[in-house]
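Reading through the structure tokens given below for one structure.
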Amino acid sequence: MGKKEVLQKLIVLMMILGLGVVLRSEVAIGVERITSNKTIYEYGFVYQNRNAAVYSQPYGTSTAKYITNIHQYDKKDLKLVNRATTKRSTYYRFAVDGKIIGWVDARAVGRFYHSKMESIWKYEKTMYMNQADGIYLRPYSDPYAKVGTTNPYIGKKVTIDRQAVVRGWWYNRLKVNGKVIGWIKSKNLSKDNKQVIYSIENVTKYGKIKIDNGIIYSAASDLYHAKAVAKTNSMYQKDVRILKEARVYSGLWYQISFQGVYQGWIPASAIQITFTQSMEKKVTGQKQVKNPSARVYQLPIQDAVLDRGNLSAYENKIVEIDREVSVLGETWYRLFYRKHDGTRWVNPTIGFVKAKDVENLTDNASKFQLQMNIPSKENQQGMTYQNGIYYVAFDNKTSSRIIAYDKKGTEVGRTKDIQIGHASELSYYNGKLYVSNGGLVDAKVYVVNFENSFIEQTLDISKYGRSALITVVDGNTLLLHTAYDAYASNTFTFLDMNGNKKSAFTKQNIGVAQGIAFQFGKIYFYTNNYITIMDREGHVMDRRWLSFKGESQGIDFTENGKIIVGYNGNNRIYQENKKTSI
1160 MGKKEVLQKL IVLMMILGLG VVLRSEVAIG VERITSNKTI YEYGFVYQNR NAAVYSQPYG
1220 TSTAKYITNI HQYDKKDLKL VNRATTKRST YYRFAVDGKI IGWVDARAVG RFYHSKMESI
1280 WKYEKTMYMN QADGIYLRPY SDPYAKVGTT NPYIGKKVTI DRQAVVRGWW YNRLKVNGKV
1340 IGWIKSKNLS KDNKQVIYSI ENVTKYGKIK IDNGIIYSAA SDLYHAKAVA KTNSMYQKDV
1400 RILKEARVYS GLWYQISFQG VYQGWIPASA IQITFTQSME KKVTGQKQVK NPSARVYQLP
1460 IQDAVLDRGN LSAYENKIVE IDREVSVLGE TWYRLFYRKH DGTRWVNPTI GFVKAKDVEN
1520 LTDNASKFQL QMNIPSKENQ QGMTYQNGIY YVAFDNKTSS RIIAYDKKGT EVGRTKDIQI
1580 GHASELSYYN GKLYVSNGGL VDAKVYVVNF ENSFIEQTLD ISKYGRSALI TVVDGNTLLL
1640 HTAYDAYASN TFTFLDMNGN KKSAFTKQNI GVAQGIAFQF GKIYFYTNNY ITIMDREGHV
1700 MDRRWLSFKG ESQGIDFTEN GKIIVGYNGN NRIYQENKKT SI
């Protein structure tokens, strides 16, 4: 062997011996032997400037396999459960979030707790437990080493016999009746029973200050660190929000804020409670807006920091109620709005309003009479009317057919099954039926000759969206409804007879499209049990509710201008009474 080769081998050997921390290798060479292996209970962290691999066994042993790089756990606490040595180095077996991960070179880990950090006192001390917290197996708040809570010992004498400072927190080892229970933070202990916080919790409450010159403290005044920080003069007889409540030796205390600004702690006796969540009653129902300018609040309190705006966005819409509460003798409702994002119902909460600012829905069902029960049991869809004949579409999944009925519900004609999609809506004009395909497919309109079941023209209007509904406005204009998600938004487009756009507008969340008609300059948009009436620019003029059972399907007008609507399930058609007009 030449000098050059010897020198190269020496350099390689020096590099191996000088390698501080093991780098990644898929399978470690099985040349190392474990010389010691000890169970430990310590905590550590990953050194940022050390690179190291994690193995299934200490590196170099026969069964060691690469798992990952230690820096995957840079922001995690490591629970060290074993310490092993080989001729090469020392290794820790560690767990993260309660799960054993593997072995890593000890030089990649810094320890922040080990047993030598504990101070063992010659004499035990007696203290009082003053607040609720966790008890842990070691002096560190590891949720996977929690052995209990201090709740059973609050206000009672306990014994402590050790102390440690870990990550900036003082801990003491707790003993009760001579038995070691675990480690607690020292802040939970006091020499005086009057310092005990028996309970403390977050709350959602409001109240009015009853005392015009009361003192507000930084903490409940029993506690040794409490200081006077303000007075109640400016808050007298005004609403304050209660953030927390604590029970101490002297009684109940509230932590409060005023007009969104934190204040401090005050005895509960200084506050008249006006609202707590326990006062709310679960209710169900539908309402409509009576006062669009009425304010909406996060809670049923007229506090500016809770203000969510007014009700104008929900004018002429149906809103739902799910909570009712009486505050100082006035009834409030919590409102939400039925909204679909295209995938699911999200039903956002609007907020609390005074009951006087909304009103019950007007049920217009009494203004309609049953015109006919349709004999066919197929899936009823769109509908139109002409000269005493009701043309009703039925979807057969792969095709659709249209059946004509007279006013008595007697069938007077039908088409063959034709490829017109879902047949979501029909409109009669100039001896032809205009049929929209509907469904979550690109929009198309078919011009159908009813007598011979022939599609005379197909308008491909897919660029306007899906969920098509169609109605003829006049000899020059069609009105098309489309949507891309079927729920969240509805677009209304005026087209010429060849499908070219004249104008359009979009409305948000006014329902799932089921029918459309046009009369005397007004759009009648039919969704499940609701008829929304708009002008040509999309301004909502009215919205009417019908309480009929079943799924709404199709809308049109008779020759005398009365509305007709269809429902499927038990297929039927209702017609507006002659004596009323919507």
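The sequence shown begins at 1160 in the working numbering and counts up one residue at a time.
Glycine residues also receive a C-beta, built at the ideal position from the N, C-alpha and C atoms.
These numbers come from a predicted model, not from an experiment.
* Excluding five sequence neighbours on each side, which residues of the same chain lie with their C-beta closer than 6 Å to the C-beta of Lys-1575? -> Ser-1612
* Asked: Beta-carbon separation of Glu-1201 and Leu-1239 under 7 Å?
  -> yes
* Check whether the Cβ of Ser-1349 sits closer than 6 Å to any heavy atom of the ligand SAM, and report yes or no. => With respect to small molecules bound, the structure shown includes none, and the ligand SAM cannot be examined in it.
* **Three-state secondary structure (DSSP) of Tyr-1623** => helix
* Asked: Can you name, in chain order, every residue of its own chain whose Cβ lies under 7 Å from the Cβ of Ile-1432, other than the five neighbours on each side?
  -> Lys-1364 and Gly-1366
* Burial state of His-1640 (16 or more Cβ within 10 Å) -> buried
* Asked: Can you tell me whether DSSP reads Ser-1380 as helix, strand or coil?
  -> Secondary structure at Ser-1380: coil, using DSSP grouped into helix, strand and coil.
* **Rounded straight-line distance, which links the Cα of Arg-1270 to that of Val-1180** => Because Val-1180 sits at a pLDDT of 48, beneath the cut-off of 50, its placement in the model cannot be relied upon, and the following sentence gives the value as read from the coordinates. Cα-Cα distance, rounded: 17 Å.
* Use the C-beta contact count for Ile-1509: other C-beta atoms within 10 angstroms, 16 or more gives buried, fewer gives exposed. => buried
* To do: State the Cα-Cα distance for the pair Ala-1211 and Asn-1347, rounded to the nearest angstrom.
  => 39 Å
* Asked: For Tyr-1272, which beta-bridge partners are listed by DSSP?
  -> Tyr-1202
* **Euclidean distance between Cα positions of Arg-1454 and Ile-1294** => 47 Å
* Consult DSSP for Met-1656 and reduce its assignment to one of helix, strand or coil. => coil
* To do: Can you say whether Pro-1459 is buried or exposed, counting buried as having 16 or more other CB atoms within 10 angstroms of its CB?
  => buried
* To do: Flag this pair as touching only if the segment 1272-1291 and the segment 1350-1357 have three or more C-beta atom pairs under 8 Å; answer yes or no.
  => The segment 1272-1291, when compared against the segment 1350-1357, does touch it at the 8 Å Cβ threshold.
* Thinking C-beta only, is Asn-1596 closer than 7 Å to Gly-1580? -> yes
* **Met-1742 - partner residues in DSSP beta bridges** => This structure leaves residue 1742 out entirely; the chain is present only between 1160 and 1741.
* Is the beta carbon of Glu-1483 sitting closer than 7 Å to the one on Gly-1541? -> no
* **Whole-number beta carbon distance between Tyr-1733 and Ser-1711, since they are thought to touch under 8 Å** => 10 Å between Cβ atoms; not a contact.
* Asked: When the distance is taken between beta carbons, is Gly-1419 closer than 7 Å to Thr-1391?
  -> no
* Given Leu-1182, which residues of its chain have a CB within under 7 Å of its CB, disregarding the five upstream and five downstream residues? -> Since pLDDT at Leu-1182 reaches only 44, below the 50 mark, its modelled position is unreliable, and the value read off the structure follows with that caveat. Result list for Leu-1182: Asn-1210 and Ala-1212, in chain order.
* Distance between Arg-1321 and Ile-1175 (C-alpha atoms, nearest Å) -> Note that Ile-1175 scores 37 on pLDDT, short of 50, meaning its location in the model is unreliable; the coordinates nonetheless yield the value given after this. Here the alpha carbon of Ile-1175 sits roughly 44 Å from the alpha carbon of Arg-1321.
* **Beta-carbon spacing of Asp-1715, Tyr-1456 below 7 Å** => no
* To do: Could you tell me which of Tyr-1218, Gln-1207, Gly-1203 and Thr-1245 sits nearest to Asn-1196, measuring between CA atoms?
  => Thr-1245
* Measure the C-alpha to C-alpha separation of Ser-1184 and Ala-1254 and round it to an integer number of angstroms. => Here the model assigns Ser-1184 a pLDDT of 44, short of 50, so the residue's position is not dependable, and the following value carries that caveat. Cα to Cα, the separation comes out at about 21 Å.
* With a cut-off of 7 Å, does the C-beta of Leu-1529 fall near any C-beta of chain B? -> The structure shown has no chain B; it contains just one protein chain.
* Asked: Just how far apart, CA to CA, sit Trp-1504 and Ser-1428?
  -> 44 Å
* Alpha carbon to alpha carbon, what distance is there between Phe-1417 and Val-1306? -> 40 Å
* To do: Taking 7 Å as the cut-off, decide whether the C-beta atoms of Tyr-1272 and Tyr-1299 are in contact.
  => With respect to the 7 Å criterion, Tyr-1272 and Tyr-1299 are classified as neighbours on the basis of their beta carbons.
* Asked: Which residue comes first and which comes last in the beta strand (DSSP E) that contains Lys-1603?
  -> 1603-1608
* **Three-pair Cβ contact test at 8 Å for the segment 1431-1446 versus the segment 1382-1391** => no
* Report the residue ranges of all beta strand (DSSP E) runs contained in full by the segment 1448-1489; include only those spanning at least 3 residues, in chain order. => 1454-1456, 1466-1469 and 1477-1486
* To do: Measure the Cβ-Cβ separation of Val-1442 and Glu-1474 and say whether it is below 7 Å.
  => no
* Could you check the C-alpha separation between Glu-1718 and Gly-1598 for me, to the nearest Å? => 29 Å
* To do: Answer with buried or exposed for Gly-1590, where buried requires no fewer than 16 other C-beta atoms within 10 angstroms of its C-beta.
  => exposed
* Asked: Near Gly-1257, what residues of its chain come up, given a Cβ to Cβ distance below 7 Å and the 5 sequence neighbours on each side ignored?
  -> Contacts found: Tyr-1303.
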